[in-house]
Amino acid sequence: MVVKVYGPDYASPKRVILCLIEKEIDYETVDVDLFKGEHLSPQYLKLQPFGVLPVIEDGDYILYESRAIIRYYAEKYRSQGSELLGKTIEERGLIEQWLDVEAHNFQPPLYDLVVQLLINPKTGVASDPKRIQEDEEKLAKTLDVYEERLSVSKYLASDTFSLADLSHIPFGNYLVTTLKKEYLIRDRKNVSRWWDDISSRPSWKKVLELHPPVL
Amino acid sequence: MVVKVYGATYAACPQRVMACLFELGFQFDLIKIDLQSGEQKQPQNLLRQPFGQVPSIEDGDFKLFESRAIIRYYAGKSASQGGTNLLGETLEERALVEQWMEVEVNNYNPLIYTMVLQLVVLPQQGQVGDMELVKDCKGKLEKVLDVYEERLSKSKYLGGERFTIADLTHLPNTRFLMEEGGMEDLIKRRKNLHNWWLDISSRPSWLKVMDLPK
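Which chain is which? The protein sequence lines are A and B, in order. So in the numbering used here, spot 14 of the first sequence is number 5, and the numbers just go up one at a time. So in the numbering used here, spot 212 of the second sequence is number 232, and the numbers just go up one at a time.
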C-alpha cells in the first residue's frame, strides 16, 4: 500500500512530495482543484476538516498539516534516503527552530503574495497594493535575517541540508517564477547561494517535472 | 544545568516554554526582558533572537528560539531520557501531536495574535484597534473551534488519550480568549472544548506559570 498525497498541483502538498522523494518513499497523488472548490467538498472535509491542502492517507492512517507530515516521514524512514533531521537532538532543535521561523516569518507574507498576485486575478477578486507592499517588506526583513544566518552556516540549521531548508522550496519557487520577485533572493548574496543550492537538488527537479505548478 | 529563559511571565510565548519546563521538571531561571520598553528589539536581545522577539533559551552552550521549537526540544529530551513523555508513544501518535501543533500555528494563533494586537497592544500604545478586524477574526475562530469541538468529542486530548505538547501549546492563547479577550463564550458554548480547557488549565504546571510574579 502506497501513501496518497492530495493536491499535488499546489505548494503545500509539494512540501510533502519533496520530502517523500528525498526519503525514497513511493507515493500516489489525488487531484484536488482549489478553483472548483474541491477542498470544501464533504468528502475532502472528512479527511481534512479545515478544508486546506494537503492531507495524506497511508492505509488507514490519515494525517494533515504538511510540516507534521514531513516530520513523520523523515522520522519513520530515518534509515533511508537523505538524513533530514540532524545527527543530535541539539541539531534537531535547530531544525525545529528554523522550521518554525519558516512557518511564522517566511510563509505568511509569501502566501499572501500568492493570494494577492496569483489567485485573486483568477477569481476576479481585486488585489490590495498596500498589502502587497507590506508583505514584501515583511519578507525582505525575514530574508535579511536569513542573509546573516547563512553567512555563518551553509544551510539554515547547520552545514547539512535538512527539513528546515526543504520546507522553503515549494513556496520559494513562486518568488523566482510567477510572482516575479526573484530580486528578493538575488539582492542577498548568501540567500542567493543557498537558494541555488537547495532548488537544484534532484528531488526538487523531479517534483517540478512530475507535478508542474498550476499557479 | 539550569536553563535560562529570556522573556516575561505575562507574555504568551514565554508562558508556553515555562509551562513545558514545569511539566517536564527541568529547572529554569527567567531572565526578564522589558517588553513595554521594547528591550526585545535592542541589540543585546537581537543576538539571542534575530527577529526581536521572546522567548529564547540558553542551556549551557546551546541556544534556541521559537517557543514551539523549544518545547519540542525539551519534550524530546525528556522522552528519550525515560522521563515524562509529552510527545506520544508510537510514531503515528507523535505525528498526530505534530498535526495539532501545526493546526495551532496555522489556524488558531494567527487569529488570536491579530485580536491581541487590536484589543490590547494598540490601545496600550494609544492607538485605536480595528474592531471590524476583530469581528472578522472571531467569525473565523468560531469555525475553527467547531473542528476542535468535533475532535474533542472523539478524543480526550487533541493528540489522543494523553495530555501532550499539542494541548500545552494552546494554553497561553486560550487563556487570553477567556480573560482579556472577553470571548469565554466561544469556549463555554462548546461542551467538549470547555471540559478540555478546564482540564488543561488546572494542571499544576499551568497554575505555577499563572502564579509567577508579573
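C-beta: ideal position from N, C-alpha, C; glycine also. Keep in mind it's a predicted model, so treat the numbers as computed, not measured.
- Proximity of A/S57 to chain B, defined by a Cβ-Cβ separation below 9 Å, is satisfied.
- Within chain A, the residues F41, Y55, E56, A59 have their CB atoms less than 9 Å from the CB of B/V123, given in chain order.
- Exposed is the label assigned to A/L36, since fewer than 16 other Cβ atoms lie within 10 Å of its Cβ.
- If you compare the alpha carbons of B/N65, B/E152, B/T184 with that of B/E109, the shortest gap goes to B/T184.
- Across the region 69 to 96 of chain A, CB contacts with chain B closer than 9 Å involve I80, E81, R83, G84, L85, I86, E87, Q88, W89, L90, D91, V92, A94, H95, N96, in sequence order along the chain.
- Taken through DSSP and simplified to helix, strand or coil, B/I53 comes out as coil.
- The Cβ atoms of B/Q69 and B/P75 sit closer than 9 Å to each other.
- Counting only the Cα atoms, A/Y165 lies some 37 Å from B/G180.
- Under DSSP, the beta-bridge partners assigned to B/S76 are B/Y26, B/F85.
- With respect to chain A, the C-beta atom of B/L106 has no partner C-beta closer than 9 Å.
- Against B/S175, chain A offers no close residue; the least beta-carbon distance is about 13 Å (beta-carbon pairs closer than 9 Å).
- Neighbours of A/Y52 across chain B, judged by C-beta separation under 8 Å: E112.
- At least 9 Å separates the beta-carbon of A/L147 from that of A/L101.
- Within chain A, E81, G84, L85, E87, Q88 have C-beta atoms less than 9 Å from the C-beta of B/L84, given in sequence order.
- The DSSP-derived three-state label of B/E181 is coil.
- By the Cβ neighbour-count rule, B/T189 is buried, with 16 or more other Cβ atoms within 10 Å of its own.
- Here DSSP, grouped into helix, strand and coil, assigns A/Y146 to coil.
- Here DSSP, grouped into helix, strand and coil, assigns A/Y174 to helix.
- Secondary structure of B/F46 (DSSP, three-state): coil.
- Only residues of its own chain outside the window of five on either side were considered, and among them G149 have a CB closer than 6 Å to the CB of B/L142, listed in chain order.
- In summary, B/R114 is buried, with 16 or more beta-carbon neighbours lying within 10 Å of its beta-carbon over all protein chains present.
- Chain-order list of chain A residues neighbouring B/E118: L54, E56, R58, A59, I60, R62, Y63, by C-beta distance under 9 Å.
- Around the beta carbon of A/A117, fewer than 16 other beta carbons sit within 10 angstroms, so the residue counts as exposed.
- With fewer than 16 other Cβ atoms inside 10 Å of its own Cβ, A/F26 counts as exposed.
- Residues K(-5) of the same chain have their beta carbon placed closer than 6 Å to that of A/E48, with the five preceding and five following residues left out of the count.
- The C-beta of B/R209 has fewer than 16 other C-beta atoms within 10 Å across all chains shown, which makes the residue exposed.
- Uninterrupted beta strand (DSSP E) stretches at least 3 residues long and entirely within the region 49 to 137 of chain A occur at 52 to 55, given in chain order.
- Measuring C-alpha to C-alpha distances from B/M203 to each of B/P224, B/D187, B/L172, B/L165 identifies B/L165 as the nearest.
- From the beta-carbon of B/Y26, no residue of chain A is found nearer than 7 Å; the closest lies around 14 Å away.
- In this structure the region 84 to 104 of chain B does not touch the region 8 to 20 of chain A; the number of beta carbon pairs closer than 8 Å is below three.
- When beta bridges are read from the DSSP output, A/T20 appears opposite A/V(-4).
- DSSP places A/P33 inside the alpha helix (DSSP H), whose first and last residues are 33 to 38.
- For A/P112, the number of other beta carbons within 10 angstroms of its own is below 16, and it is reported as exposed.
- Within 9 Å of the CB of A/K180, no CB atom of chain B is found; the nearest one sits about 17 Å away.
- For A/G163, the enclosing alpha helix (DSSP H) has its first and last residue at 160 to 167.
- Cβ-Cβ distances below 7 Å link A/Y137 to V182 in the same chain, with the five nearest sequence neighbours on each side left out; the list follows chain order.
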